[in-house]
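Colleague: Have a look at this one.
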Amino acid sequence: MHEFMIHEGFVNLAYLVASVLFIFGLKGLTHPRTAVRGNLLGATGMLLAAVATMLKVGLDYRLIIAGVVVGGLIGAVAALKVRMTGMPQMVALFNGFGGIASALVAGATLVPRLGRYTTSAADIQELVSVAAAALIGMVTFTGSVVAWGKLEELRLIPSKAVLFPGQQAINAVVFLASIAAGVWVVVDPSHTLPLWVLAGSAGLLGILLTIPIGGADMPVVIALLNSYSGLAAAATGFVINNNVLIIAGSLVGASGIILTSIMCKAMNRSLTNVLFGVLGPTSETATADEVYAGKIKSTTPDEVAMLFDGARRVVIVPGYGMAVAQAQHAVRDVMLQAEKLGAEVEFAIHPVAGRMPGHMNVLLAEADVPYEKLKEMDEINPTMDQVDVCLVIGANDVVNPLARTDPKSPIAGMPIIDADKARTVVVVKRSLSPGFAGIPNPLFAADNTLMLFGDGKKMMQELVTALKELQ
Amino acid sequence: MDPIGLLIMLLTIFVLAIFVGFEIITKVPPTLHTPLMSGSNAISGITIVGAILSAHVDAGMTTKVLATLAVVFATINVVGGFLVTHRMLEMFRKKKD
């Protein structure tokens with residue numbers, strides 16, 4: 069008995085150290101200089117917590133080691149092979165795996181005790197926590213898998229918002245059914261059926277909550293699922309009465325909520341509006357013909373190169389289209405050539421550009437663009453009127469001036485990058501097709517805008533060639 | 003400790019940790035949004051502790067299957083999450099040199 073207590077104390081002490089490492093790790097991740105160390109601290113905390121847990125008596129090491137080897141291999145291969153453009157999907161999928169792991173732990177705790185639960189406070193707490201962990205965990209899992217499918221552009225799951233009549237009502241029914249199944253798990257812990265019903269309905273709920281969300285709203289969903297995966301882990305902590313799960317889980321839950329709110333603010337929309345609202349053209353928005361007819365001026369890479377030649381300040385505004393075209397390296401080359409011609413080149417990054425928070429920053433970092441050149445929207449907007457050439461590549465709604473000028477527009481009030489204020493704007497785009505908000509963009513028809521129609525990567529490569537010829 | 007006391011202690015830890023979370027992640031530069039997300043996601047893989055504990059020698063078949071799957075998924079989350087974050091952060095760092 070005495071030995072057991074020392075043992076238990078040691079493990080809990082290790083959990084405390086792990087929790088502190090997680091806190092320092094997350095803090096480190098908030099500054100570029102300390103981020104690598106922060107991530108390593110977090111990983112050290114995780115290793116410590118896992119190894120200390122293994123010291124507990126009565127564990128089936130064959131199963132654990134088999135699980136760790138299989139999971140470790142899959143995780144390592146996935147993490148090392150994924151391309152930077154595929155990062156949003158990868159992060160979504162990892163979120164989901166964390167979620168289902170929590171739900172599985174809840175199940176593995178419940179199953180061996182079925183029929184042996186009493187109405188004691190401890191047992192009620194365990195059952196309520198099992199239900200919560202299973203519910204949040206399954207919603208996180210299926211929601212993340214749907215998000216992954218949308219980002220991966222699987223044909224099975226449309227990447228656009230999927231809307232159907234009665235959607236809100238169906239969601240409400242499934243939500244209530246999940247809650248009811250959770251209550252069933254608590255009041256009737258004698259067999260496995262309530263657990264499967266709970267897992268099934270919560271899984272369905274995750275799918276239903278994620279399919280109506282698409283395109284530019286994905287960063288919000290990814291951040292929110294990130295928060296859920298933390299909350300699922302915290303709920304699992306209540307299942308097994310474990311501090312380190314509760315601490316780590318709630319830290320992640322909080323950080324995910326903060327990111328979610330940053331993303332919502334960047335679109336001037338509430339979380340409810342992103343999750344349940346419908347974004348689209350209204351009858352009062354101008355049609356594409358009204359906006360574009362006769363006003364579009366198309367240009368060539370050679371002409372754009374001439375513009376760059378006389379420019380002192382160039383700002384590049386990247387959007388999701390740059391990721392799709394895999395044009396980040398070509399964009400970097402444009403930056404280098406423009407700098408050789410004497411221009412000062414910066415990048416203006418909108419917080420929701422791309423499909424996850426910070427998406428553009430990761431892609432440009434991959435292409436060796438120094439992060440000092442990546443400017444936030446609020447930092448660069450006041451000086452946009454001193455910009456000679458603004459090159460917009462693959463961005464649309466985040467540079468749509470209607471957000472400032474038309475209070476009836478679906479994007480009214482959304483903070484945008486003031487690309488239109490630059491002396492000359494060059495927009496690289498395949499066609500005049502609308503962005504996620506489904507509305508035309510008067511920027512494309514503006515007097516100071518030139519459209520460079522074509523594939524982002526190809527156009528950038530041709531621009532690089534043209535710039536080289538000028539030197 | 004009595005069960006109610008234990009629950010209240012756990013709730014206290016939960017609430018305080020949420021506050022700590024809000025406090026340390028107040029101002030993240032947008033450049034680090036993705037690594038912060040994937041790094042914190044890896045930390046949510048802490049559920050691996052629960053997964054390991056549920057793989058008990060006396061457990062029945064269903065429990066063992068659930069526990070092993072939990073270990074697999076949690077390990078993918080942890081190993082994949084930290085590695086992918088490291089890969090991204092290395093890209094941010096190399097420009098400085």
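Just so you know, the sequences run in chain order A and B. Counting along the first sequence from 1, when you hit position 119 you're at 187 in the numbering used here, and nothing is skipped either side. Counting along the second sequence from 1, when you hit position 54 you're at 56 in the numbering used here, and nothing is skipped either side. Note that CB positions come from ideal geometry on N, CA and C, so glycine has one too. Keep in mind it's a predicted model, so treat the numbers as computed, not measured.
Would you grab the beta carbon distance between Ala490 of chain A and Val467 of chain A for me? Rounded to a whole angstrom, and I think it's under 8 Å.
Modeller: The pair is not a contact, with the Cβ atoms about 10 Å apart (cut-off 8 Å).
Colleague: Can you name the residues that DSSP bridges to Phe521 of chain A?
Modeller: Phe521 of chain A is bridged to A:Lys497.
Colleague: Under 7 Å, CB to CB, which of the residues in the region 422-446 of chain A have a partner in chain B?
Modeller: Of all residues in the region 422-446 of chain A, Met424, Pro425, Gly426, His427, Asn429, Val430, Ala433, Glu434, Asp436, Pro438, Tyr439, Leu442, Glu444 have a Cβ within less than 7 Å of some Cβ in chain B.
Colleague: At the level of alpha carbons, what is the spacing between Tyr439 of chain A and Ala433 of chain A?
Modeller: Their Cα atoms are separated by approximately 7 Å.
Colleague: Return no unless some Cβ of chain A is closer than 8 Å to the Cβ of Ile10 of chain B.
Modeller: No - not a single Cβ of chain A is within 8 Å of the one on Ile10 of chain B.
Colleague: Count the other CB atoms within 10 Å of the CB of Asp99 of chain B; is the residue buried (16 or more) or exposed (fewer)?
Modeller: Reliability fails at Asp99 of chain B, whose pLDDT of 45 lies under 50, so the model's placement of it is uncertain and no value is given.
Colleague: Considering just the uninterrupted stretch of the beta strand (DSSP E) at Lys333 of chain A, what are its terminal residues?
Modeller: Note, Lys333 of chain A: premise wrong, no beta strand (DSSP E); alpha helix (DSSP H) at 311-334.
Colleague: Let's test the definition: count the other Cβ atoms within 10 Å of the Cβ of Gly83 of chain B and tell me whether it reaches 16, buried, or not, exposed.
Modeller: Classification of Gly83 of chain B: buried, given that the 10 Å Cβ count is 16 or more.
Colleague: Tell me the DSSP secondary structure of Arg400 of chain A in three-state form.
Modeller: It is helical.
Colleague: I'd like the span of the beta strand (DSSP E) that includes Glu447 of chain A, first residue to last.
Modeller: Glu447 of chain A -> not in any beta strand (DSSP E); alpha helix (DSSP H) instead, spanning 445-448.
Colleague: Return helix, strand or coil for Ile417 of chain A, following the three-state DSSP convention.
Modeller: Here Ile417 of chain A sits in strand by DSSP.
Colleague: So that I know if they touch, is there some Cβ in chain B lying closer than 8 Å to that of Phe504 of chain A?
Modeller: Not closer than 8 Å to any Cβ of chain B, the Cβ of Phe504 of chain A fails to qualify, so no.
Colleague: Tell me, please, whether the CB atom of Ala393 of chain A is closer than 8 Å to any CB atom in chain B?
Modeller: Cβ-Cβ to chain B under 8 Å: no for Ala393 of chain A.
Colleague: Based on Cα-Cα distance, which residue from B:Val59, B:Gly47, B:Leu12, B:Leu85 lies nearest to Val74 of chain B?
Modeller: Considering only alpha carbons, the answer is B:Gly47.
Colleague: Do Leu94 of chain A and Ser323 of chain A come within 8 Å of each other at the CB atom, strictly closer than that value?
Modeller: Yes, the pair counts as a contact, with Cβ atoms nearer than the cut-off.
Colleague: With a threshold of 8 Å between beta-carbons, can Ala134 of chain A be considered close to chain B, or not?
Modeller: Chain B contact via Cβ: present.
Colleague: Below 8 Å between beta carbons: does that hold for Gly335 of chain A and Ala270 of chain A?
Modeller: For the record, residue 335 of chain A in the displayed sequence is Met; it is not Gly. No, the Cβ-Cβ distance between Met335 of chain A and Ala270 of chain A is not below 8 Å.
Colleague: Kindly list, in the order they appear in chain B, the residues whose Cβ is closer than 7 Å to that of Phe165 of chain A.
Modeller: Within 7 Å Cβ-Cβ: Phe75, Ile78, Asn79.
Colleague: Reducing DSSP to helix, strand and coil, say where His99 of chain A ends up.
Modeller: If DSSP states are grouped into helix, strand and coil, His99 of chain A belongs with coil.
Colleague: What are the boundary residues of the beta strand (DSSP E) that Ile384 of chain A is part of?
Modeller: Note, Ile384 of chain A: beta strand (DSSP E), 381-386.
Colleague: Any beta-carbon of chain B closer than 8 Å to the one on Met114 of chain A?
Modeller: Chain B contact via Cβ: present.
Colleague: Compare the C-alpha of Lys460 of chain A against each of A:Ala302, A:Thr340, A:Ala144, A:Phe415 and name the closest.
Modeller: According to the sequence provided, residue 460 of chain A is Val. The question's Lys does not apply to it. Considering only alpha carbons, the answer is A:Phe415.
Colleague: Leu222 of chain A bridges to which residues according to DSSP?
Modeller: Its beta-bridge partners do not exist; DSSP assigns none.
Colleague: Who are the near neighbours of Met93 of chain B in its chain, counting only those whose CB is closer than 6 Å to its CB and skipping five residues on each side?
Modeller: Within the same chain, Met93 of chain B has no close Cβ partners at all.
Colleague: Pro475 of chain A: buried (16+ other C-beta within 10 angstroms of its C-beta) or exposed?
Modeller: That one is exposed.
Colleague: Could you name the residues that DSSP lists as bridge partners for Val457 of chain A?
Modeller: Looking at the DSSP assignment, Val457 of chain A forms a beta bridge with A:Val382, A:Thr492.
Colleague: Met63 of chain B: buried (16+ other C-beta within 10 angstroms of its C-beta) or exposed?
Modeller: That one is exposed.
Colleague: Which value, in whole angstroms, describes the spacing of the CA atoms of Asp377 of chain A and Val420 of chain A?
Modeller: Rounded to whole angstroms, Asp377 of chain A to Val420 of chain A spans 31 Å at the Cα level.
Colleague: Spell out the partners DSSP gives Leu442 of chain A in its beta bridges.
Modeller: Leu442 of chain A is bridged to A:Phe415.
Colleague: If we count the other Cβ atoms within 10 Å of its Cβ and call it buried at 16 or more, is Gln236 of chain A buried or exposed?
Modeller: Classification for Gln236 of chain A: exposed.
Colleague: For Asp401 of chain A, which residues from the same chain have a beta carbon less than 8 Å from its beta carbon, with the 5 sequence-adjacent residues on both sides left out?
Modeller: Met528, Gln529, Val532.
Colleague: Rank A:Leu261, A:Gly217, A:Leu276, A:Leu263 by C-alpha distance to the C-alpha of Asn239 of chain A and give the top, closest one.
Modeller: Minimum Cα distance to Asn239 of chain A is reached at A:Leu276.
Colleague: Which stretch, first to last residue, makes up the alpha helix (DSSP H) that contains Tyr296 of chain A?
Modeller: Run containing Tyr296 of chain A: 286-307, per the alpha helix (DSSP H) assignment.
Colleague: Any beta carbon from chain B within less than 8 Å of Gly211 of chain A's own beta carbon?
Modeller: For Gly211 of chain A, the answer is no, since every Cβ of chain B falls outside 8 Å of its Cβ.
Colleague: Could you pull out every residue in the same chain whose Cβ sits closer than 7 Å to the Cβ of Asp488 of chain A, ignoring the five residues on either side in sequence?
Modeller: Cβ neighbours of Asp488 of chain A beyond the five flanking positions: Pro469, Leu511, Ala514.
Colleague: With a CB to CB cut of under 8 Å and the five nearest residues on each side skipped, what residues in its chain are close to Ala300 of chain A?
Modeller: The answer, listed in chain order, is Gly166, Gly167, Ser170, Ala171, Ala201, Ile204, Gly205, Thr208, Gly317.
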